[in-house]
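These notes concern the structure reproduced below.
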């Protein structure tokens with residue numbers, strides 16, 4: 017896929033939004049690194065936040081400060097939840 021994209025002058029920079037299970041995170045980060053992606057669009061489960069941050073550091077793919085601001089900001093989460101009621 018990467019060689020085909022390159023042959024067409026296309027640079028793949030990200031994936032679509034994924035919601036992986038805990039055991040799927042490492043392969044996703046590995047794939048992203050191999051593909052030369054700049055970031056992964058994902059919605060990690062609360063239980064996976066620390067793992068995603070560790071993999072972010074290992075693979076250098078996600079801005080963990082943005083991850084913390086969006087997912088670890090209780091006001092942000094509450095506002096989004098309340099707006100759906």
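Numbering (our numbering), first residue to last: 17 to 101.
Ideal Cβ placement from N, Cα and C applies to all residues, glycine included.
**Request:** Report the residue from 76, 73 and 67 whose alpha carbon sits nearest the alpha carbon of residue 37.
**Result:** Within the chain shown, the letter at position 21 stands for residue 37. Nearest option by C-alpha distance: 67.
**Request:** Please confirm whether residue 54 and residue 72 have their CB atoms less than 9 angstroms apart.
**Result:** The residue you call residue 54 lines up with position 38 of the chain shown. The residue you call residue 72 lines up with position 56 of the chain shown. Cβ distance not < 9 angstroms, so residue 54 and residue 72 don't count as in contact.
**Request:** Take residue 58 as the anchor and find which of 32, 70, 47 and 27 has the nearest alpha-carbon.
**Result:** As a first step, residue 58 must be located in the chain shown, where it is residue number 42. Residue 32 is the option with its Cα nearest to residue 58.
**Message:** Alpha carbons only, please: which of 24, 51, 77 and 64 is nearest the one belonging to residue 39?
**Reply:** For the purposes of this step, residue 39 is identified with residue 23 of the chain shown, where counting begins at 1. Answer by Cα proximity: 64.
**Helix, strand or coil at residue 61 according to DSSP, with G and I counted as helix** = For this step, residue 61 is matched to residue 45 along the chain shown. Under the three-state reduction of DSSP, residue 61 is assigned to coil, being neither helix nor strand.
**Item:** Cβ-based neighbour list, residue 34, same chain, cut-off 6 angstroms, excluding 5 preceding and 5 following
**Value:** As a first step, residue 34 is located in the chain shown; it is residue number 18 there, counting from the start. Correct list, in chain order: 58.
**Message:** Here's the rule I'm using: 16 or more other beta-carbon atoms within 10 Å means buried, otherwise exposed. How should residue 98 be labelled?
**Reply:** Counted from its first residue, the chain shown places residue 98 at position 82. By the neighbour-count rule (16 or more Cβ atoms within 10 Å), residue 98 is not buried but exposed.
**Asked** Between the C-alpha atoms of residue 49 and residue 75, what's the straight-line distance to the nearest angstrom?
**Response** Residue 49 sits at position 33 when you count from the first residue of the chain shown. Residue 75 sits at position 59 when you count from the first residue of the chain shown. Approximately 7 angstroms between the Cα atoms of the pair.
**Asked** How big is the Cα-Cα spacing for residue 45 and residue 56?
**Response** The residue you call residue 45 lines up with position 29 of the chain shown. The residue you call residue 56 lines up with position 40 of the chain shown. When rounded, the distance between both Cα atoms is 8 angstroms.
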